[in-house]
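**Q**
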Amino acid sequence: MMYLSALRAQTRNFVGKFVKNEKGVTAIEYAIVAAGVAAVVLVIFNKDSGPVKEMLSNVFSSLKEKLTTTITS
1 MMYLSALRAQ TRNFVGKFVK NEKGVTAIEY AIVAAGVAAV VLVIFNKDSG
51 PVKEMLSNVF SSLKEKLTTT ITS
């Protein structure tokens, strides 16, 4: 029983520190803004296909894969 209490305390401590850490949040905010600007550029300059659309598609696919990996680990 004591082991579970210690594990619970360590988990609460880790989660508390994780929630208070804002370094990653700022990076994610900048990534979201950059993705939004890139999407606007895509809509304005490249309607159906082309190198810009392909590049952004690859970037978003990579971002999705990395976020999924990070969340599931």
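Note that the numbering used here gives residue 9 to position 9 of the sequence shown, counting from 1, and the numbers run on in steps of one.
Here a beta-carbon is modelled for each residue, glycine too, at the ideal position from N, C-alpha and C.
1) Between which two residues does the alpha helix (DSSP H) harbouring S62 extend?
2) Less than 8 Å between the beta carbons of F60 and V52, yes or no?
3) What is the rounded straight-line gap between the Cα of G16 and the Cα of A6?
4) Closest by CA to L67, which one among V41, F14, I32 and Q10?
5) Determine the direct distance from the alpha carbon of G50 to that of S73, and round the result to whole angstroms.
6) Just to confirm my understanding: we take M1, look at its own chain, exclude 5 residues before and 5 after, and list those with CB closer than 8 Å. What are they?
**A** On the basis of the data shown:
1) P51 to T72
2) no
3) 15 Å
4) I32
5) 35 Å
6) Here the model assigns M1 a pLDDT of 49, short of 50, so the residue's position is not dependable, and the following value carries that caveat. Counting only Cβ-Cβ distances below 8 Å, and skipping sequence neighbours, we find nothing.
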